[in-house]
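Take the sequence shown: its position 76, counting from 1, is numbered 1317 in the numbering used here, and each next residue is one higher.
All C-beta atoms, glycine included, are put in the ideal place defined by N, C-alpha and C.
The model shown is predicted, which means the values in this text are computed figures rather than measured ones.
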Amino acid sequence: MHPGEQRDGAVTGLQAGDVDEFGRGTALLGCGGGGQVDHMVHVLRRAIGDGHVPVVPLGQETRSVVAVGLVGSTTVLEEKTPSGRELPDALAAVERWTGLRADAVVAAQIGGVTGPAAALTAHAAGLPLVDADLVGRATPRIDQLSLFVDPLPAVTAAAVTSSGLRIVVDAPDPRDLETVWREAVSHSGGWAAFAIGPVDAEVLGERAVTGSVSRALQVGRAAGASIDVAGLAHAVGGRVLAEGRVLDVQRGGDAVAFVHGSMAVRDARTGAVARIEAGSEWVHCLVDGEPVASTPSCIVVVDARSLRPVPTDRARVGDELAVLVLPGAPWWWAEPRRTARVAPRAFGIDADPVPEVVT
């Protein structure tokens, strides 16, 4: 089968011609965070060339899987772009430390730059990319990965900073990883690539968000074919919460979500005011004071004309924007303890999660 085609709705591979659409989808699923994808998309397209990245489901052929991602400042990542070796080096480091070989790569989160970065890592290592991730969107903290909602006996992880520093950690708690890595990157370039595992496929099968690569490609293709906000919302299975001019933007620091802010948009059609609370991502939305959407659903803000996603730190007063909500990964809604890990309070916002509306 042609690698870029799908079988039963699932992606079987990524070719160079798929990369722009895949990147567009991961940018939307970044939910205002996750980092800019443009540079990584360009590098991935060139790396693939005439080849392809195999995409496989979790199963018997993926017994040992390494999750890869990026930690630190996405702003610095834009200014100090990766060489392309950081993620493969992190993968190799956990293999050396554990003595276990990975037979597949999975994105720690599909949203933002990590989606295409994981595909690039798989290609560089000669491994397939698993059609899954550990969030279904973007999220700011390691402990918010689905792998860590329930305890693990131990976790081995490696980080490689932009300055070349290599750190391997055996930790019983993902918060220890967060502490060590963020301290290291603050003194060594501002960001790092990381690899976690290898993780047994049976464990991953219980904890992963499946179909994430397929969803990102589908969302990206739908967005590329859309000509207006209503069409985009329909094509990606979402709803429009507001569309109009930005009235107000507030930003500040936060110890839980690293940043905190909000944005108010007056809907041009109804006159209602939507206020969107943000951490590193868009987290909670109220319309005229009534909660209408929250994490773990995917709140996405796009430019009303270009339909390009707008990061939380790029919205400005006077911008014409649209606020959409897309369904979140069902995995997070399945049990209260899962929901709590990515609900608004997990981002430092004192609000209950808003149940998804079935359309």
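Counting only unbroken stretches of 3 or more residues, the beta strand (DSSP E) elements lying wholly within the region 1288 to 1356 are 1293 to 1297, 1305 to 1313, 1345 to 1348, in sequence order.
Under the 10 Å beta carbon count, residue 1493 is surrounded by fewer than 16 other beta carbons and is classified as exposed. In this structure, the alpha-carbon of residue 1299 lies about 19 Å from that of residue 1352.
Looking at the backbone, the Cα of residue 1305 and that of residue 1388 are separated by about 14 Å. Under DSSP, residue 1531 takes part in a beta bridge, and its partners are 1528. Your pair residue 1435 and residue 1471 does not check out as a contact, with CB atoms roughly 39 Å apart and the cut at 8 Å. Shown here, residue 1362 sits in a helix according to DSSP, grouped into three states.
Taking a 10 Å sphere around the C-beta of residue 1428, we find fewer than 16 other C-beta atoms and assign the residue as exposed.
In terms of CA proximity to residue 1275, 1312 leads the group 1285, 1262, 1312.
Distances from the CA of residue 1587 to each of 1282, 1290, 1525 were compared; the closest alpha carbon is that of 1525. In the pairwise beta carbon analysis, the region 1371 to 1390 is classified as touching the region 1561 to 1581: at least three pairs are separated by under 8 Å. A direct Cα-Cα distance of roughly 34 Å separates residue 1326 from residue 1568. Collapsing the DSSP output to three states places residue 1538 in coil. When C-alpha distances from residue 1473 are compared across 1452, 1442, 1542, 1504, the shortest belongs to 1542. Look at residue 1544 here: in three-state DSSP terms it is strand. Note on geometry: alpha-carbon atoms of residue 1314 and residue 1548 lie some 25 Å from one another. If you look at residue 1584, you'll find it isn't in any alpha helix (DSSP H); DSSP assigns it neither H nor E. The three-state secondary structure of residue 1393, taken from DSSP, is coil. Between residue 1433 and residue 1422, the gap from beta carbon to beta carbon is short of 8 Å.
Closest in alpha carbon position to residue 1368, among 1383, 1344, 1453, is 1344. Nearest neighbour of residue 1410 by Cα position, chosen from 1277, 1278, 1335, 1280, turns out to be 1335. Annotation: residue 1253 to residue 1260 spans about 14 Å, alpha carbon to alpha carbon.
In the assembly as shown, residue 1577 is an exposed residue. Its beta-carbon has fewer than 16 other beta-carbons within 10 Å.
Considered as a whole, the region 1409 to 1452 harbours 1415 to 1427, 1442 to 1448 as its complete alpha helix (DSSP H) runs of no fewer than 4 residues, in chain order. In the three-state DSSP reduction, residue 1518 falls in the strand class (E or B).
In the structure shown, residue 1254 falls within a strand segment according to DSSP collapsed to helix, strand and coil.
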